[in-house]
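Since the structure comes first, as structure tokens, the remarks are kept for the end.
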Amino acid sequence: MSRCVHCGAELPAEAQINRRFCDDRCRSAFRHAQTRRRIAELAAELARLRAAREVTE
Ligand SMILES: [Zn+2]
């Protein structure tokens, strides 16, 4: 049984092969969450780079 990547709900048997999400809402919510995580990672990386530069200057 495959499950929705976003909310973990079981997908209908006929949808197992090609679907990873229950519906478009789950798909877009998952994509937004990924984007937010990526932005947070970039912000953390930028903070690290700034901190490293302050040490060397
Ligand atoms: Zn879902």
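Okay, so the sequence shown: first residue is 166 according to the working numbering, each after it adds one.
Every residue gets a Cβ at the ideal spot worked out from N, C-alpha and C, and that includes glycine.
Note that this is a predicted model, so its numbers are computed, not measured.
Here residue 171 is buried, its C-beta having at least 16 other C-beta atoms within 10 Å.
Proximity of the beta carbon of residue 197 to ligand 1 is not indicated: no heavy atom of the ligand is located closer than 7 Å. Within 7 Å of the C-beta of residue 178 there is not a single heavy atom belonging to ligand 1. Between residue 187 and residue 206, the alpha-carbon positions lie close to 27 Å from each other. Uninterrupted beta strand (DSSP E) stretches at least 3 residues long and entirely within the stretch 167-199 do not occur.
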